[in-house]
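If you read the sequences in order, they're chains A and B. Numbering-wise, the first sequence is residues 1 to 351 according to the working numbering. Numbering-wise, the second sequence is residues 352 to 956 according to the working numbering. Shown next, in structure tokens, is the structure this report addresses.
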Amino acid sequence: MTYIVKPKIVHSGLQRNALGLTIRDYEGSMSTLCAGCGHDSITAAIVQAFFELHVPPHRVAKMSGIGCSSKTPAYFLSSAHGFNAVHGRMPSIATGASAANRSLYLLGISGDGDSLSIGLGQFSHAVRRNLNMLYIIENNGVYGLTKGQFSASADVGSKAKRGEMNKQQPIDPVQMAMAQGGTFVARSFSGDKDQLIPLLKAGIKHDGFGLIDIISPCVTFNDHEDSTKSYAYTRQFYHPAVHADFVPPAEEIKASYNRGNVMSVELHDGSRILLRKVSKDYSVHNRGAAIDYIRAHQRKGEIVTGLLYIDQGEPDMHGINRTASLPLNELPFDTLCPGTESLVSLQDLYR
Amino acid sequence: MKPTKTDGTEYFHQVVDCQWACPAHTDVPQYIRLIAQGEFTEAYMLNRESNVFPGILGRVCDRPCEPACRRVRVEDKPVAICRLKRVIADNRGDITDRLPQAPTKKNGKRIALVGAGCASLTVANDLLPLGYECVIFEALGKMGGLMRTNIPAFRLPASVLDEEMGYIIDMGVDLRLNSPIESMRDFLKEDYDAVFVGSGAPKGKDLNIPGRDESGRIHIGIFWLESVAFGHTESIGKNVLIIGVGNTAMDCCRTSLRLGAKSVKVMARKPRAFFKASDWELEDAEEEKVEIVVNHSPKSFVMKGGKLVGINFDKMEYEIDEKGRITQSEIVGEAFFPCDDVVLAIGQDNAFPWIERDIGIEFDEWQVPTVDRITFESTRPGVFFGGDAAFGPENIIWAVEHGHQAAISIDKYCQGAPLTERLPRGVNLQSAKMGIHEWSYSNDYDPSGRRIMPHVDLRERFKKLDIEVELGFSIEQVVTEVERCLNCDLQTVFTAQQCIECDACIDICPVDCLTITKNGDEEKIKENLKTPPLNPSQPLYVSEPLKHTARVMVKDENLCVHCGLCAERCPTGAWDMQKSTLIIPYAVDEAEQNESLCQQRQKTG
Chain A
1 MTYIVKPKIV
11 HSGLQRNALG
21 LTIRDYEGSM
31 STLCAGCGHD
41 SITAAIVQAF
51 FELHVPPHRV
61 AKMSGIGCSS
71 KTPAYFLSSA
81 HGFNAVHGRM
91 PSIATGASAA
101 NRSLYLLGIS
111 GDGDSLSIGL
121 GQFSHAVRRN
131 LNMLYIIENN
141 GVYGLTKGQF
151 SASADVGSKA
161 KRGEMNKQQP
171 IDPVQMAMAQ
181 GGTFVARSFS
191 GDKDQLIPLL
201 KAGIKHDGFG
211 LIDIISPCVT
221 FNDHEDSTKS
231 YAYTRQFYHP
241 AVHADFVPPA
251 EEIKASYNRG
261 NVMSVELHDG
271 SRILLRKVSK
281 DYSVHNRGAA
291 IDYIRAHQRK
301 GEIVTGLLYI
311 DQGEPDMHGI
321 NRTASLPLNE
331 LPFDTLCPGT
341 ESLVSLQDLY
351 R
Chain B
352 MKPTKTDGTE
362 YFHQVVDCQW
372 ACPAHTDVPQ
382 YIRLIAQGEF
392 TEAYMLNRES
402 NVFPGILGRV
412 CDRPCEPACR
422 RVRVEDKPVA
432 ICRLKRVIAD
442 NRGDITDRLP
452 QAPTKKNGKR
462 IALVGAGCAS
472 LTVANDLLPL
482 GYECVIFEAL
492 GKMGGLMRTN
502 IPAFRLPASV
512 LDEEMGYIID
522 MGVDLRLNSP
532 IESMRDFLKE
542 DYDAVFVGSG
552 APKGKDLNIP
562 GRDESGRIHI
572 GIFWLESVAF
582 GHTESIGKNV
592 LIIGVGNTAM
602 DCCRTSLRLG
612 AKSVKVMARK
622 PRAFFKASDW
632 ELEDAEEEKV
642 EIVVNHSPKS
652 FVMKGGKLVG
662 INFDKMEYEI
672 DEKGRITQSE
682 IVGEAFFPCD
692 DVVLAIGQDN
702 AFPWIERDIG
712 IEFDEWQVPT
722 VDRITFESTR
732 PGVFFGGDAA
742 FGPENIIWAV
752 EHGHQAAISI
762 DKYCQGAPLT
772 ERLPRGVNLQ
782 SAKMGIHEWS
792 YSNDYDPSGR
802 RIMPHVDLRE
812 RFKKLDIEVE
822 LGFSIEQVVT
832 EVERCLNCDL
842 QTVFTAQQCI
852 ECDACIDICP
862 VDCLTITKNG
872 DEEKIKENLK
882 TPPLNPSQPL
892 YVSEPLKHTA
902 RVMVKDENLC
912 VHCGLCAERC
922 PTGAWDMQKS
932 TLIIPYAVDE
942 AEQNESLCQQ
952 RQKTG
């Protein structure tokens, strides 16, 4: 925790984006998390990603539940919309927000407790609904707010700060999301912004449910020697399978990409994700192979990261339900509220 | 890149830009902190240690510290360092019992000092406590040198001069006024162990254009100011032209206004960017409605009936390249400016008609003595130079530093120690962490702008010659101004072994001056910095390889505002804020060293 506010200093090296905003305009209030928390790095990466995407902060809705991770929406995009939901229930609220206003960028921030224990059902259904949002799990393997008990993502054999060992199988949100039809599934690490920021940008621009599971070490309760979610362990067993670069629409692809094994995935708004394959035998379009690959490396204790699966073809929630193309607040009043007669005829359908 | 070496004094000293820029290395951030705590007397003594004359310099210092101030990298204006120094002098308590004392038992050595200006007085200040007998020879009837004769009393009151010089004189200087040295050859025959020449650069440059010798109303700036200072000149004509646009010109034009001139124009040969005067002196003159005319080069004095009526000027045009240098000049016409008096303020020269050229003191082709830049010894052993007398006109703060260094040399010379074996400078570092969220300095960034010095009303100030124009900061102004200081002496010290690469410092830094990147050559590292490097004169602080990834932590010193948030957010204490204190040896420190060396010699010999 810190009481000293980060001052707004306009120094000579400060850059402005296409909207004339500086990166300071994308920040929020001062973090009250522990010094060194991985979540703060993710916050910084989110700030950077939205700044670089030239997204007006007020076009974003930040959704979260309960937990250390769910506090973080206060620390970025202070002029965005936000909703701090009941524990584990953020996906439902996000679904409602998306239904009402499909033009906002929906960003869900959750943790391993909020999404993999109390909110596991909600999380699974948001995936299969293909809700158009970027869903971030700040995954540290412990319940930080309640003093460091194992969470559902703790690995077998990982030791708590006081020495007891976890013996239950972990829930891997990445494999779950793939199994349930997720259309954008990635894993990253709070300590690797070079990988994380392009992934965030791609996830924000992806139409449909985007999941990024981010290993985010708990510096207070889970950064010791026998932890498998510490900074040191993550770096040691880090296995980037695919590196994704995000190229905005109308920007030329740098010549250096043309050499080597590069694949381009076009998103609906014309931007592209360039995939540099770090591992030869990996395909981001093959759900089954991807799961196999992750499991194989998991057995070796390795943490596979990068953009692991993407499918741009599946319709999102609005597509599946054939909803109105405009957000509800932009519909003419007559269309939004067609009157008693329309209501009666609708009710007649169900009699 | 190799890890930055921070073990010497060089690196951390350079981060404290003001202290690095100050010739005397005054500990600016520390005295500003003392002011913030209301410790004016303490702050005065700290200043006195390095610059000897805080009250004088708090008014008229050339302020090399201010353009260097880190504050100009986050806003337009530097901290008003010089004004704050005056606050100390104005508000200090009694310091008499804290001044150095001369011992009653002398060491038997006699030092002659020529000229009672800031250089000589500094030498006396440093040598008297060591038991030396100091005799100062002053040509004029009052001490102070150029500070008294050339700086008008409305900028520097005589009382301030007398008080601060008095501290040194009262230590037991044998001050001999009205005692010009006529012949160095004869003088050296007298019984002195060493001679220090601090007689300034007392010759104003003349302007030899047609008509120069036909009128008595063409004055040489520094002589004219001197005659005003001593009350010999009490009036001037209605229309005055000042030739030249340095700080002396500013003093001349403002003095003219106080002696009855109605219209004063400062005539500059070149455009404004080439003016030698300090910005604040230009501002003060313009506030008093002095007109500054650019691009006019004097051609001839115009006389009518044996009386000076004006000056003919060539109108100039200059071609200036993208680096701001003049590449070509052209005369594009002529202009006549009427005047009653002319003051020439186009520079000063050293003048040593009293030093014979065959007594072993060498001079160069510009009649500047050959003086060693470190020892301040001339080519004749035992004869030292300092202040403007040494290398030509500089300023007070340089003269003080020359005095300190010359005093060390004189002591070594008299004790038979080699002059060049001088104590090195040192740096002490001490953690400023007091507890959780507690630092021993005010680290919150204050966005306030520079306070503006209040001046005496424009009608009031001309009523007398010696009304000090600057009123000094009010207490409210002081409270704001001290918080503008960025505490550059609180160093960010990094221990690579403790870093877990969590990025917390990088994310929190309000000026984006930190980066963790792969090590490489300087160019490569500069490409990868979070903010592109803007100031090549400022160093990069590169760490040892980090233990997880072997990458390096790089800090661009240029941008840092020393807020301490990196250390505040660091979970492992890899970053720490440490107060650096520069240790500068003076004659008294060297003397201790000499003593122990002599004792060693006695033991071994």
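Yeah, the Cβ is synthetic: ideal placement off N, Cα and C, and Gly gets one too. Quantities reported herein were computed from a predicted structural model and do not represent experimental measurements.
Residues near residue i by beta carbon distance below 6 Å, same chain, minus five either side
{"i": "A/V142", "result": "G148, S151, C218, F221, N222"}
{"i": "A/P73", "result": "K62, S64, G82, I109"}
{"i": "A/D112", "result": "N139, S151, S153"}
{"i": "A/C34", "result": "V219, T220"}
{"i": "A/D226", "result": "K159"}
{"i": "B/D863", "result": "K881, T882"}
{"i": "B/K763", "result": "L770"}
{"i": "B/C412", "result": "C433, I748"}
{"i": "A/I23", "result": "F51"}
Under the three-state DSSP convention, the category residue i falls into
{"i": "B/G359", "result": "coil"}
{"i": "B/W790", "result": "strand"}
{"i": "B/Y483", "result": "coil"}
{"i": "A/P170", "result": "coil"}
{"i": "B/N646", "result": "coil"}
{"i": "B/V893", "result": "strand"}
{"i": "A/L106", "result": "strand"}
{"i": "B/V734", "result": "strand"}
{"i": "A/N329", "result": "helix"}
{"i": "A/Q180", "result": "coil"}
{"i": "A/N258", "result": "Unreliable positioning characterises A/N258 in this predicted model, as indicated by a pLDDT of 48, which lies under 50. A coordinate reading is not provided."}
{"i": "A/P73", "result": "helix"}
{"i": "B/H755", "result": "helix"}
{"i": "B/Y796", "result": "coil"}
{"i": "B/T843", "result": "strand"}
{"i": "A/F246", "result": "strand"}
Contacting residues, own chain, Cβ-Cβ under 7 Å from residue i (five flanking each side not counted)
{"i": "B/M458", "result": "In the sequence under discussion, the amino acid at residue 458 of chain B is Asn, which differs from the Met named in the question. If we look at B/N458 and ignore the five residues flanking it on each side, its Cβ neighbours are L481, G482, Y483."}
{"i": "A/G301", "result": "F237"}
{"i": "A/A289", "result": "S283"}
{"i": "B/Y518", "result": "L450"}
{"i": "A/V247", "result": "I253, S271, R272, L274"}
Other residues of its chain near residue i: CB distance less than 8 Å, five sequence neighbours each side excluded
{"i": "B/I386", "result": "A394, L435, V438, I439, V829, V833"}
{"i": "A/N132", "result": "S98, R102, L106, D207, G208, F209, D316, M317, H318"}
{"i": "B/H570", "result": "D692, V693, V694, L695"}
{"i": "A/M11", "result": "The sequence given here has His at residue 11 of chain A, not Met. So no residue of the chain qualifies."}
Nearest-angstrom beta carbon gap, residue j and residue i [assumed within contact, 8 Å]
{"i": "B/E515", "j": "B/F404", "result": "5 Å"}
{"i": "B/L809", "j": "B/H364", "result": "Contact flag wrong, Cβ pair sits at about 43 Å."}
{"i": "B/A740", "j": "B/A552", "result": "7 Å"}
{"i": "B/I587", "j": "B/S614", "result": "With 8 Å as the limit, B/I587 and B/S614 do not qualify as a contact, their Cβ atoms being about 11 Å apart."}
Cross-chain neighbours of residue i in chain D, by beta carbon under 8 Å
{"i": "A/I4", "result": "The structure shown contains no chain D; its protein chains are A and B."}
Handout entry: chain B contacts from the segment 32 to 46 of chain A (Cβ-Cβ distance under 9 Å)
Key = C34, A35, G36, C37, G38, D40, S41, T43, A44, A45
Handout entry: Every unbroken alpha helix (DSSP H) within the segment 557 to 588 of chain B, with a cutoff of 4 residues, ordered by chain
Key = 572 to 580
Practice task
Could I get the ranges of all uninterrupted alpha helix (DSSP H) runs contained in the segment 274 to 302 of chain A, with 4 residues as the minimum, in chain order?
Solution key: 287 to 299
Practice task
Could you list the residues in the segment 783 to 806 of chain B with a C-beta less than 8 Å from some C-beta on chain A, going in chain order?
Solution key: H788, N794, D795, Y796, P798
Handout entry: chain B contacts made by the segment 233 to 250 of chain A, where a contact means CB separation under 7 Å
Key = R235
Problem - Within 8 Å of chain A by C-beta, residues of the segment 832 to 863 of chain B in sequence order - result: I851, E852, C853, D854, A855, I857, D858, I859, P861, V862, D863
Exercise for the section: Below 7 Å between beta carbons is the criterion; list the residues of the segment 423 to 446 of chain B that meet it against any residue of chain A, in chain order. Expected result: R424, V425
Exercise for the section: With 8 Å as the limit, tell me which residues of the segment 646 to 665 of chain B have their beta carbon closer than that to any beta carbon of chain A; keep them in chain order. Expected result: none
Exercise for the section: Taking only runs that begin and end inside the segment 402 to 484 of chain B, name each unbroken beta strand (DSSP E) of 3 or more residues, in chain order. Expected result: 461 to 465
Problem - Contact list for the segment 184 to 209 of chain A against chain B, Cβ threshold 8 Å - result: S190, G191, K193
Problem - Contained beta strand (DSSP E) runs [length at least 3] in the segment 524 to 553 of chain B, N- to C-terminal order - result: 525 to 527, 545 to 548
Exercise for the section: Pull out every residue of the segment 876 to 901 of chain B whose Cβ sits closer than 7 Å to any Cβ of chain A, in chain order. Expected result: T882, P883, L885, H899, T900
Problem - Members of the segment 316 to 329 of chain A that neighbour chain B once the beta carbon cut-off is set at 7 Å - result: none
Exercise for the section: Quick one: which unbroken alpha helix (DSSP H) runs of 4-plus residues sit fully inside the segment 890 to 935 of chain B? Chain order, please. Expected result: 916 to 920
Handout entry: Contact set between the segment 916 to 947 of chain B and chain A, restricted to residues whose Cβ is under 8 Å from the partner
Key = L916, E919, R920, C921, P922, T923
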